[in-house]
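J.: Mapping of the sequence shown onto the working numbering: position 144 corresponds to residue 156, and the numbering continues sequentially without gaps. No residue lacks a Cβ here, since even glycine has one placed at the ideal position from N, Cα and C.
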Amino acid sequence: MTGPPRIVVLTGAGISADSGLSTFRDPDGIWSRVDWREVATPEGFAADPALVHSFYNERRAALASVEPNAAHYALARLEARLGEALTLVTQNVDDLHERAGAIRVLHMHGELKKARCGICSAVHPWAGYLSLETRCADCKAAGGMRPDVVWFGEAPRFLDEIAGAIADAHHFISIGTSGSVYPAAGFVAHARAIGLPCTELNLEPSENAMAFQDRRYGRAAETVPLWVAEMERVLGRQRTN
Ligand code: APR
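1) Quick one: does the C-beta of L208 sit closer than 7 angstroms to a heavy atom of ligand 1?
2) Could you tell me the distance, in whole angstroms, from the CA atom of A88 to the CA atom of A196?
3) Please report how far the alpha carbon of I42 lies from the alpha carbon of A139, in whole angstroms.
4) Report the CB separation of L118 from V105 in whole angstroms; it is logged as a contact under 8 angstroms.
5) Taking the alpha-carbon positions, what's the A58 to L22 distance?
6) Figure out for me which residue from L142, L75, Q225 has the closest Cα to the Cα of C210.
7) Does ligand 1 have even one heavy atom less than 7 angstroms from the beta-carbon of V200?
8) Between the Cα of A167 and the Cα atoms of G15, H84, G122, which residue gives the shortest distance?
9) DSSP three-state label for T235, please.
10) Who are the Cβ neighbours of G130 in its own chain at under 6 angstroms, not counting the five residues just before and after it?
11) Just the C-alpha distance for P54 and V64, rounded to the nearest angstrom, thanks.
12) Taking only three categories from DSSP, how would you classify H254?
13) For ligand 1, is there any heavy atom lying closer than 7 angstroms to the beta carbon of S218?
14) Below 8 angstroms on the Cβ atoms is my guess for D30 versus A83; work out the distance and round it to an integer in Å.
15) Going by C-alpha to C-alpha distance, which of E91, R72, R49 sits closest to Y141?
16) What residue ranges within the stretch 152 to 196 form continuous alpha helix (DSSP H) runs of no fewer than 4 residues, ordered along the chain?
17) Excluding the five sequence neighbours on either side, which residues of its own chain have a C-beta within less than 6 angstroms of the C-beta of H202, listed in chain order?
18) Can you determine whether any heavy atom of ligand 1 sits closer than 7 angstroms to the C-beta of H109, and answer yes or no?
19) Do R231 and ligand 1 come close, with the Cβ less than 7 angstroms from some heavy atom?
20) Which residue comes first and which comes last in the beta strand (DSSP E) that contains G56?
21) Could you say which of L108, V161, N81, G113 lies nearest to G95 if we only look at CA atoms?
22) In angstroms with no decimal places, state the Cα-to-Cα distance between G207 and V240.
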């Protein structure tokens, strides 16, 4: 193998749980409190935009009050070591990977701290309160601004880039996701189909756990730094060979 190993990492809400952000499908998760059809679909936004804005305003406020955890920092350290050989894909809309120092993060479900104008499609960084009255900084229209997140029924992003990275990778690892939502939950099948070693780091077996040859369970803030340290030892040995 010429150069460092090429690794594709997929993260889900579980990697941010140790920072204090709720996951979705755990017993106390977001979808146990809120109906996803009402707040995470285009139909829900059309029916009650104020409810949807309130849901995402609360999540933006929660995000402002938490910090990245050791798992985010460990992945950022590995990216600094591997550069372009690491492709970091996240289902999360939080910015904790970036705040831990990660540079190239593929947010396949969009970003909570961005807002998009439904009228002119302009996208703006947005850390604060958003409402129907919010005017677009570009077209100046009100009534069209929405969180720049991918709702159920909308197209996830970067799929071609992710497929290309998996096709070119030496290892696929999934961290903190239940494996409930496609296409992300199907990435491991693509990786297995081309013979990649696949690792799952999660609190408990995901829905597609059996697709992973290597499965390690525990809190991401503990398991991810251990896995990264293992990779760094492999890279160190590679350097001296
Ligand atoms: N450390 C590691 N894993 C954890 C931790 C933790 N501290 N806490 C929870 N988990 C695991 C849970 O066991 C679960 O398998 O994280 C996973 C979270 O699963 P979900 O709540 O379903 O979140 P996710 O897989 O990211 O959801 C995918 O669904 O609702 C949509 O768009 C939303 O991006 C989201 C997508």
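T.: Reading it off the structure:
1) no
2) 21 angstroms
3) 20 angstroms
4) Not quite, the Cβ-Cβ distance comes to about 12 angstroms (not below 8 angstroms), so this is no contact.
5) 31 angstroms
6) Q225
7) no
8) G122
9) helix
10) G156, R158
11) 10 angstroms
12) Residue 254 is absent from the model: the chain starts at 13 and stops at 253.
13) yes
14) 7 angstroms
15) R72
16) 171 to 179
17) I178
18) no
19) yes
20) Careful: G56 lies outside any beta strand (DSSP E), inside the alpha helix (DSSP H) at 54 to 59.
21) G113
22) 22 angstroms
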